[in-house]
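Each remark here refers to the structure printed beneath this line.
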Amino acid sequence: SAVISQKPSRDICQRGTSLTIQCQVDSQVTMMFWYRQQPGQSLTLIATANQGSEATYESGFVIDKFPISRPNLTFSTLTVSNMSPEDSSIYLCSVAPNSYEQYFGPGTRLTVT
Amino acid sequence: KNQVEQSPQSLIILEGKNCTLQCNYTVSPFSNLRWYKQDTGRGPVSLTIMTFSENTKSNGRYTATLDADTKQSSLHITASQLSDSASYICVVSLNYGGSQGNLIFGKGTKLSVKP
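So the sequence lines, in the order shown, correspond to chains A and B.
In terms of the working numbering, the first sequence opens at residue 2 and continues consecutively.
In terms of the working numbering, the second sequence opens at residue 1018 and continues consecutively.
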């Protein structure tokens, strides 16, 4: 299994500002994923973060809005830039040690006012 | 279009009762189907994972079934407890040569267990 921690657990931000979310895993993993969960909705994959290469973004998500860093095999950050109220969501970090298992962090609950 | 649909959207039951949650999917190519439990304010936690050849899998009071022919799955909760109150998410994994992260999520069923 993998234990994932995220910081902050929640935040309230003003529109136009940026927030960086940190994700720490207790073991080395090749691939890390960032998801968004809007109120009452299912999880949507934002991007896949591989160590040593650019993140791969899903349709509808762009690097300028959601820049990602992956400096090593246990850590990643997601920045939500130039925030608007529509960015209010839970942001989840996830890892998949193999094709059969996937673990999720506790999430960061973001409210943009 | 790859989709996972869950029903009911929400459910209220009394403590000690059983319940069954449904999941229908149109996902191809299919790799496996997972049920997750998501407590309020927490990330999803895996309950069961079933491949194409598995019909049923249990995890304590949770029993999942899979009918790959009809593309339906169910999650049965026995003798419910207050701590079962959560959202239950059905997730289907796509089979793209073992690549990871190819998951299709349902919207979840919000279960409330009342004393």
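Here a beta-carbon is modelled for each residue, glycine too, at the ideal position from N, C-alpha and C.
Exposure of residue i, with buried meaning 16 or more beta-carbon neighbours within 10 Å
i: B/K1054; result: buried
i: B/T1057; result: exposed
i: A/R37; result: buried
i: B/S1116; result: In this predicted model, B/S1116 has a pLDDT of only 48, less than 50, meaning its place in the structure is not dependable; the value taken from the coordinates is given anyway. Result: exposed.
i: B/Q1023; result: buried
i: B/N1019; result: exposed
i: B/G1077; result: exposed
Short CB-CB distance (under 9 Å) between residue i and chain A
i: B/K1124; result: yes
i: B/V1044; result: no
i: B/N1072; result: no
i: B/I1066; result: yes
Distance between residue j and residue i (C-alpha atoms, nearest Å)
i: B/D1084; j: B/S1048; result: 13 Å
i: A/V113; j: A/L74; result: 30 Å
i: A/Q103; j: B/L1064; result: 11 Å
i: A/I69; j: B/T1087; result: 40 Å
For residue i, the first and last residue of its enclosing beta strand (DSSP E)
i: A/D12; result: 11 to 14
i: B/L1038; result: 1036 to 1043
i: A/E102; result: 102 to 105
i: B/P1046; result: First-last for B/P1046: undefined, no H or E at that position.
CB contact below 9 Å: residue i versus chain B
i: A/P107; result: yes
i: A/T45; result: yes
i: A/S89; result: no
i: A/S77; result: no
i: A/L20; result: no
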